[in-house]
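Written out below as structure tokens is the structure these notes cover.
Protein chains: 2
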Amino acid sequence: MSMPKSENPSTLENAMQLLIQTFHKYSGNEGDKYTLSRAELKEMLTAELGNYLGNAQDKEAVDKVMGDLDSNNDGEVDFTEFIILVGALTVACNDFFLEYNDKPEKK
Amino acid sequence: MSMPKSENPSTLENAMQLLIQTFHKYSGNEGDKYTLSRAELKEMLTAELGNYLGNAQDKEAVDKVMGDLDSNNDGEVDFTEFIILVGALTVACNDFFLEYNDKPEKK
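Keeping their order, the protein sequence lines are chains A and B.
All the letters of the first sequence, read from the start, carry residue numbers 1 to 107 under the UniProt record's numbering.
All the letters of the second sequence, read from the start, carry residue numbers 1 to 107 under the UniProt record's numbering.
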């Protein structure tokens, strides 16, 4: 997929472009090119979030994420559902970093 | 704020790190260092999203975004509220790109 790019994107615009690029890198492989099938979701989780989500080779783990994300039960994860997952993970990471940063000061 | 960095972050991990960095770049300037005050929100909107949101110098525009985002009415935007804004904007951008990409094929 080609995409118009800002000439001098800000850090935040850059992050938003990376989110869009990541989704379409996997969503285009099979079936509806604008949604993630179960196989595409598994590939994305393994390649992009292996450090966060552990071993996504585990079929049950992929099924659980798919079940949690696929709010309209069509067996596909659309871009909005993907953003909800990434947003929730980013909030969790931020909370972790804040605790990590506060700890040395409190000791 | 210092932050642990993955040694070889994936594209998605990189995007998540940029979101966290962007928020803390502005939230630390005054008051609670983990929330955006009205002034910090205005600075972030102007510097990071000027291309998307138009002229955030407009006080009414900043007040509207603050009113929409500040779901607990404490006059501050926390990280979760920030992620909801960025997520909604990213979904809107993605929709725009899909229309932009589909148009030449349909003609």
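Yeah, the Cβ is synthetic: ideal placement off N, Cα and C, and Gly gets one too.
The Cβ atoms of residue 12 of chain B and residue 44 of chain A lie closer than 9 Å to each other. Near chain A, meaning a CB-to-CB distance below 9 Å, the residues of the UniProt domain "EF-hand" (57-92) of chain B are 79, 80, 83, 84, 86, 87, 88, 89, 90, 91.
Counting along the chain, residue 63 of chain A sits inside the alpha helix (DSSP H) bounded by residues 59-69. With a 10 Å radius around the Cβ and a threshold of 16 neighbouring Cβ atoms, residue 27 of chain A comes out buried.
By the neighbour-count criterion, in which 16 or more other beta carbons inside 10 Å mark a residue as buried, residue 8 of chain A falls on the exposed side. With a threshold of 9 Å between beta carbons, residue 11 of chain B makes contact with chain A.
Using a Cβ distance threshold of 9 Å, residue 34 of chain B and residue 98 of chain A count as a contacting pair. Between residue 86 of chain A and residue 19 of chain A the beta-carbon gap is near 6 Å, inside 8 Å, which marks them as a contact. Beta-bridge annotation (DSSP): residue 36 of chain A is paired with A:77. Within a 10 Å sphere around the beta-carbon of residue 94 of chain A sit 16 or more other beta-carbons, which makes this residue buried. Residue state for residue 14 of chain B is assigned as helix, using DSSP reduced to three classes.
With the criterion set as a beta carbon lying under 9 Å from some beta carbon of chain B, the members of the segment 31-54 of chain A are 34, 44, 47, 48, 49, 50, 51, 52, in sequence order. The Cβ neighbour count for residue 78 of chain B, taken over all protein chains shown within 10 Å, is at least 16; the residue is labelled buried.
In terms of beta-carbon proximity, residue 29 of chain A stays away from the interface with chain B, with every pair separated by 9 Å or more.
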